[in-house]
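Notes follow the structure.
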Amino acid sequence: PDNFPIDIKIGKAIRFAINKMNNLWEQKKTIFDEEDEDNIFRAFLDNYNFKIISVELSAEETSDLAEKCRQHEVTVNSALNAAFLAARNSIRGSFKGGKSIMIPVNTRKRYKQPIGEYVGVYVSGFELKFSYNPKKGFWENAKIFNDKAKENLYINKIFEFAAITNLVDQSMVDARQFTLFGNLVPSSFSRYEKIHTYSSDEKNIANKRAKKQISKFPGLAITNLGLLDYPDKYGSLELDRFILVTSGTPYIELVIPVVTVAGKLSFTINYLEEITDTETMEKIKTEALKYLN
């Protein structure tokens, strides 16, 4: 917080609520270690078949897309969001329950003092309520999305989330994944008793908080790292492109990391076969590319 570009004021009511939550957590705190993490990860991989679909645009296709976005006064990120929302609507209908769209924001270059080469989670973001309107054209939808995103992209909102999170006991933040995936751990695993005792405790504040958040997860999360400036040549080797892979989750249907290197945009669709089958994801990809083209 000391390096935030502005002084974020957190209201007394929010501070009171967080302090109360931290105190309740302190009474029933569970600290998870590396072996617990290993149990969760292995259980996840045993239960889900993680897949990716890679899309790699040529330099010409990347340039054409950027030019179209300039002509329609939208960012590439807005065009990608609109394209996948339109494709999802065409193939599966709109998201049920008013799912929001996650807009990640890179904070690395926004601090008072340069971050330099430090490694950390220099990212924030916000959720945007947006429904694709099939009665309007694609680029009109993209412009509406772009304008709504810009309205929400102000410095106070970007760093407010980080400031609030900084007040929460970090061990409670770390425990969230054990609420989300603890039920997957089988009795044969070394930390079964510990993890299941925790994840089945309905009175634990961290559990209650995490379970409430499940219904609020976004339907679409596109993370665009933008244009990265890396050298083309490394001795006898030449950098062709980056392909960025994150992870799949049963709670977010479309997880799409995007990056442009050497003038070529690439993205992957990261998903779990048990949640959305490959045939459906391929259809969504094909439909999204039609809109972008």
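Throughout, the working numbering is defined as the position within the sequence shown, counted from one, plus 13.
Glycine included, C-beta positions come from ideal geometry on N, C-alpha and C.
Residue 232 and residue 197 do not touch by the CB rule: their CB atoms are close to 22 Å apart, not below 8 Å. Excluding five sequence positions before and after residue 141, the CB atoms of its chain that fall closer than 7 Å to its own CB belong to 113, 114, 116, 161, 162, 165, given in chain order. Excluding five sequence positions before and after residue 285, the CB atoms of its chain that fall closer than 8 Å to its own CB belong to 61, 62, 63, 64, 261, 262, 263, given in chain order. According to the DSSP assignment, residue 283 belongs to the beta strand (DSSP E) that extends over 277-285. Taking every protein chain shown into account, the CB of residue 155 has 16 or more other CB atoms within 10 angstroms, so this residue is buried. A straight-line Cα-Cα distance of about 31 Å links residue 219 and residue 128.
Close CB contacts of residue 202 within its chain, under the 6 Å cut and outside five residues either way in sequence, are with 52 (chain order). Under the DSSP assignment, residue 32 falls outside any beta strand (DSSP E), being part of the alpha helix (DSSP H) whose first and last residues are 25-40. For residue 186, the enclosing alpha helix (DSSP H) begins and ends at 183-187. Beta bridge pairing from DSSP links residue 237 with 271. The DSSP assignment places no complete run of the alpha helix (DSSP H) inside the segment 111-153 (cut-off: 4 residues).
Taking a 10 Å sphere around the C-beta of residue 72, we find fewer than 16 other C-beta atoms and assign the residue as exposed.
Taking all protein chains shown into account, residue 75 has 16 or more neighbouring C-beta atoms within 10 Å of its C-beta and is therefore buried.
In the structure shown, residue 215 falls within a coil segment according to DSSP collapsed to helix, strand and coil. By alpha-carbon distance to residue 243, the top candidate from 234, 121, 272 is 272. If you look at residue 68, you'll find it in the beta strand (DSSP E) that goes 63-69. Contact annotation: the segment 101-109 does not touch the segment 79-89, with fewer than three C-beta pairs closer than 8 Å.
With a threshold of 16 other beta carbon atoms within 10 Å, residue 204 meets it and is buried. The segment 285-300 and the segment 86-93 do not touch, with fewer than three beta-carbon pairs separated by less than 8 Å. For residue 265, the pairing in a beta bridge is given by DSSP as 262.
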